[in-house]
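If you count by mature numbering (1 follows the signal peptide of the UniProt record, and there is no 0), then the sequence shown holds residues -19 to -1, 1 to 241, one letter each, in order.
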Amino acid sequence: MAWVLIVASLVVLWVASLCKIFYTSSSPSRNSFLTTGGAFQKRNVLLVVAHPDDESMFFSPTISYITSRGHNLHILCLSIGDADGKGNIRKEELYQACAILKVPLQQVKTLDHPELQDGFGRVWNHTLLAKIIEGEINSHGIDLIITFDRYGVSGHCNHRDVHYGVRKLLRDTPQGNIEAWELVSTNILRKYIGPVDIWFSILDAMQHSGEVMHCLLNEHPQKSFLAMAQHSSQWVWFRKLFVAFSSYTYANMLRRIECI
Ligand SMILES: [Zn+2]
């Protein structure tokens, strides 16, 4: 009977976590991310990802937080995800997902650079990445960047290279007014416990100052499903399961990137 109790406890915990998420979305936010001294100041944010679907699969809590608070969000997708020859389809799917996520389509850019092609074993040059990202910053007056951390959630080399490209930009360019945040990769257990992970993320964030860490709960997790469903070429059964059980559907832990 022990397993029945375990399963029942997990179900209760899952439901309680979802209640916490929905309660948070219906009450005034106390999160100070992107506020200056508690006051609203419109920010120009650039989300840098590697492939179409990264935004919906991993960053949707962050996107929802930014757009619902009236900040300007730009998305730079550094490849069309052509590893399986579906790049042109995937590019269009990204725009459809961004329409669901309420990101203006003119603020979404996808690159198809010969040196930045999707795939394991494809090494992306960090200097090239830094130069491209710098161009976007200058074009749109970006003052804050969000991207993967050095593990890149799934360990995909393209995700990791994007992180190092941003880091190179911060290190090499005199962009003193740019701040950058990374999506914290969690361990495999936390990664697949769905909304239950919010308690670990909230505790993690409480142990750090708002200057270095924030936990953003997804106020509309159902929107993440809908956005990911726009990526029809990728919307196979195991990705549906991933989106349901992935903690990144329900919360994002963001940590400030410090370059020293
Ligand atoms: Zn990816």
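Just so it is clear, CB atoms sit at the ideal spot from N, CA and C, and this is done for glycine as well.
Leaving aside the five residues before and after residue i along the sequence, list all residues of the same chain whose C-beta is less than 6 Å from its C-beta, in chain order.
i      : result
ASP142 : TRP105
LEU197 : PRO42, THR43, TYR46, ASN233
GLY102 : none
LEU125 : ARG24, VAL26, GLU160
ASP35  : none
Going along the chain, which residues of its own chain have a beta-carbon closer than 8 Å to the beta-carbon of residue i, five neighbours each way excluded?
i           : result
GLU191      : It is worth fixing the name first, because residue 191 is Gly in this sequence and not Glu. Excluding sequence neighbours, GLY191 sits near SER13, PHE14.
TRP(-6)     : GLY175, PRO176, VAL177
ALA186      : MET194, HIS195, CYS196, MET234
LYS149      : HIS107, THR108, LEU110, ALA111
residue 244 : The requested residue 244 does not occur in the structure, where the chain is confined to residues -19 to 241.
ASP99       : ALA31, HIS32, SER60, ILE61, GLY62, ASP63, ALA64, GLY68, ASN139
In three-state terms, what does DSSP make of residue i?
i      : result
LEU235 : strand
MET194 : strand
PHE40  : coil
ILE56  : strand
PHE129 : strand
VAL30  : strand
PHE14  : coil
Within its chain, find whatever has a CB closer than 7 Å to the CB of residue i; leave out the 5 residues flanking it on each side and keep chain order.
i       : result
ASN199  : ILE2, SER41, PRO42, SER45, SER205, THR230, TYR231, ALA232
LEU54   : VAL26, LEU28, ILE44, ILE47, THR48, VAL84, GLN88
LEU(-2) : PRO176
PHE39   : VAL134, LEU164, TYR229
LYS172  : SER227, SER228
SER214  : LYS67, ILE70, ARG71, GLU74
CYS240  : ARG148, LEU151, ARG152
GLY122  : ASN25
Which whole-angstrom value is the C-beta distance of residue i and residue j, which I expect to be below 8 Å?
i      : j      : result
LEU28  : ILE56  : 5 Å
LEU151 : ILE159 : 7 Å
LYS26  : ILE127 : Checking the sequence shown, residue 26 turns out to be Val, not Lys. Sure, about 6 Å apart at Cβ, within 8 Å.
LEU92  : CYS58  : 7 Å
GLU74  : GLN211 : 5 Å
VAL147 : ILE238 : 7 Å
SER120 : ALA78  : Contact flag wrong, Cβ pair sits at about 22 Å.
HIS201 : SER6   : 7 Å
GLY51  : LYS72  : Not confirmed; about 28 Å, so no contact.
GLU115 : THR154 : 6 Å
ARG236 : TRP162 : 7 Å
MET209 : TRP218 : With a Cβ gap of about 13 Å, MET209 and TRP218 do not count as contacting.
Return yes when at least one heavy atom of ligand 2 lies under 7 Å from the C-beta of residue i, else no.
i      : result
ASN139 : Because ligand 2 does not appear in the structure shown, any question about it cannot be addressed here, the ligands present being ligand 1.
Say whether the stretch 165 to 176 touches the stretch 219 to 233, bearing in mind that this needs 3 or more beta-carbon pairs closer than 8 Å, one atom from each stretch.
Result yes; three or more Cβ-Cβ pairs closer than 8 Å.
Extract the residue ranges of the alpha helix (DSSP H) inside the stretch 137 to 167, only unbroken runs of 4 or more that lie entirely within it.
Those alpha helix (DSSP H) runs which fall completely within the stretch 137 to 167 and span 4+ residues are 138 to 153.
What are the complete alpha helix (DSSP H) segments, minimum 4 residues, inside the stretch 67 to 126?
If we require 4 residues or more, the alpha helix (DSSP H) runs fully inside the stretch 67 to 126 come out as 68 to 81, 107 to 121.
Are the stretch 22 to 38 and the stretch 122 to 138 touching, with three or more C-beta to C-beta distances below 8 Å?
Cβ pair count under 8 Å is three or more, so yes.
Decide yes or no for the touch test of the stretch 62 to 80 against the stretch 106 to 116: beta carbon pairs closer than 8 Å, at least 3 of them.
No: fewer than three Cβ pairs fall under 8 Å.
Inter-stretch contact at 8 Å, needing at least 3 Cβ pairs: the stretch 16 to 26 / the stretch 72 to 88:
With a cut-off of 8 Å, the stretch 72 to 88 and the stretch 16 to 26 do not count as touching, because too few Cβ pairs lie within range.
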